[in-house]
Amino acid sequence: MNAIAEALENLPLIDHHCHGLMRSELNRPDFELLATESDWPEPAGQTIFDSPFGISVRAEVPPLLGLDRHSDADTYWQARAALGQDELGRLLMPKTGIDTLIIDSGFRSTNILDLDEMGAVSGARTFEIIRLESVAESIITQTDAAGFRNRFSDELGRRAEGAVGFKSIIAYRYGLDFNPDKPTDAEVDVAAGEWLSEISASGRARLSNPVLLRYILWAAVDFKKPIQFHVGYGDSDINLHRCDPTQMTEFIRRTVDTGVQITLLHCYPFIREAGFLAQVYPHVWLDTGAILNYTGASAVRLVRDSLELAPMSKVLFSSDAFGLPELFYCGALVWRRCTAQVLQDWLDADYIGQRDALRYAEMMGRTNALRCYNLDE
Ligand SMILES: [Zn+2]
0 MNAIAEALEN
10 LPLIDHHCHG
20 LMRSELNRPD
30 FELLATESDW
40 PEPAGQTIFD
50 SPFGISVRAE
60 VPPLLGLDRH
70 SDADTYWQAR
80 AALGQDELGR
90 LLMPKTGIDT
100 LIIDSGFRST
110 NILDLDEMGA
120 VSGARTFEII
130 RLESVAESII
140 TQTDAAGFRN
150 RFSDELGRRA
160 EGAVGFKSII
170 AYRYGLDFNP
180 DKPTDAEVDV
190 AAGEWLSEIS
200 ASGRARLSNP
210 VLLRYILWAA
220 VDFKKPIQFH
230 VGYGDSDINL
240 HRCDPTQMTE
250 FIRRTVDTGV
260 QITLLHCYPF
270 IREAGFLAQV
280 YPHVWLDTGA
290 ILNYTGASAV
300 RLVRDSLELA
310 PMSKVLFSSD
320 AFGLPELFYC
330 GALVWRRCTA
340 QVLQDWLDAD
350 YIGQRDALRY
360 AEMMGRTNAL
370 RCYNLDE
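Counting along the sequence shown from 1, when you hit position 268 you're at 267 in numbering that gives the first Met the number 0, and nothing is skipped either side.
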């Protein structure tokens, strides 16, 4: 193994965007759904084990279960089921080499491990990211339209105290082509009334009102903590063409001097656009997140794209894993492997020296996240 690959293999990573592991035992249909962003099971006769991520899982995890690399799907599934979700978490999580997990606690939070449990299963220290839309959804039925602003800002203040940053899913709920203006109090009160009527009609508190989505975003800016944005690739809720991060350029421009950091998550297929924003705006960062898992053997090309324009000081590692320990394990492994490959190519071509290659590996896997989230070693 060359020096770059070895340094990356031994580097303790900070996973700056991930979720908890599923708490309950999984059957195979549960597993197959968690291994994709799709909301539908694979059509009859097909399996997620034939997707790029499924292929990676069957290559990388079986040796840890006493099987050969590249197990067939049924053999892998039987060994996994025999071990169980809990045990597999305890086996794989410490082997990811991730020593810090920055966890988005706001998505399907009832059936996943909480921060303390994630720390216990992985041996990593954990920090919380507050999902803005979930905070609004948690308080809307405890207030009337006129009380929404106060109730929301009290709750956000309370939740933000122990958190290192926020997450916005405005890409899912509206699109990144949102109006960059901060809404007025009167506009927010009217919109809160509209949302309350919608809730009494549907019985469901799902925030998609564009005025309120902008209001909660601007409320988060005041805390001067990093705000993560879901960008590009995601589940069937998104309209991908409206998730290009350059569509929120005006919002980015207006927040340059606010003290807030903006981290662009996954970014696929808008990785070059994200790289452009990270180069031009001092408070913008990017990762390739979940997409490395979901592109498997092709992931190296995306890592190369992510390092095409953005300064090395603005690129972060995340697994964006949700539910499955395999997503953490393969996410860390594929990121280390692809990053080593790109840096080694540059080194071989003498574009960079070895000292810089080693420094960049450590920055992207670890020290950039310490700076972005203002964390101690
Ligand atoms: Zn995520």
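Glycine residues also receive a C-beta, built at the ideal position from the N, C-alpha and C atoms.
The model shown is predicted, which means the values in this text are computed figures rather than measured ones.
- The beta carbon of Phe-177 sits no closer than 7 Å to any heavy atom of ligand 1.
- Inclusion of Cys-242 and Ala-170 in the CB contact set at 8 Å is warranted, their separation being smaller than that value.
- Approximately 19 Å separates the beta-carbon atoms of Asp-304 and Gln-246; this is outside 8 Å, ruling out the contact.
- Per the DSSP secondary-structure output, Val-314 pairs in a beta bridge with Leu-285.
- Listed by position in the chain, the residues whose beta carbon lies within less than 6 Å of some heavy atom of ligand 1 are His-16, His-18, Asp-103 and Asp-319.
- In the DSSP annotation of this structure, Glu-136 is not part of any beta strand (DSSP E); the continuous alpha helix (DSSP H) holding it starts and ends at 131-138.
- Counting C-beta atoms within 10 angstroms of its own C-beta, Asp-319 has 16 or more neighbours from the protein chains shown and is therefore classed as buried.
- Taking one beta carbon from each stretch, the stretch 96-108 and the stretch 12-23 have 3 or more pairs nearer than 8 Å; the two touch.
- Pairing Ser-133 with Ala-58, the inter-Cα distance amounts to about 37 Å.
- Ala-185 has its alpha-carbon roughly 10 Å from the corresponding atom of Arg-148.
- Rounded to the nearest whole angstrom, the CA to CA distance from Gly-118 to Ile-97 is 11 Å.
- In this structure, the straight-line span from the alpha carbon of Leu-301 to that of Tyr-75 is close to 28 Å.
- By the neighbour-count criterion, in which a residue is buried when 16 or more other Cβ atoms sit within 10 angstroms of its Cβ, Met-363 is buried.
- Taking the Cα positions, Ser-152 is about 40 Å away from Glu-86.
- Classified as exposed, Arg-354 has fewer than 16 neighbouring CB atoms from the shown chains inside 10 Å of its CB.
- Gln-141 counts as exposed, since fewer than 16 other C-beta atoms from the protein chains shown sit within 10 angstroms of its C-beta.
- Runs of the alpha helix (DSSP H) spanning 4 or more residues and lying entirely within the stretch 139-187 occur at 147-159 and 169-172, in chain order.
- Remark: C-beta atoms of Gly-164 and Pro-225 approach each other more closely than 8 Å.
- Gly-88 and Val-120 have their C-alpha atoms spaced approximately 7 Å apart.
- Gln-260 counts as buried, since no fewer than 16 other beta carbons sit within 10 angstroms of its beta carbon.
- Contact between the stretch 311-329 and the stretch 41-48 is absent, with fewer than three C-beta pairs closer than 8 Å.
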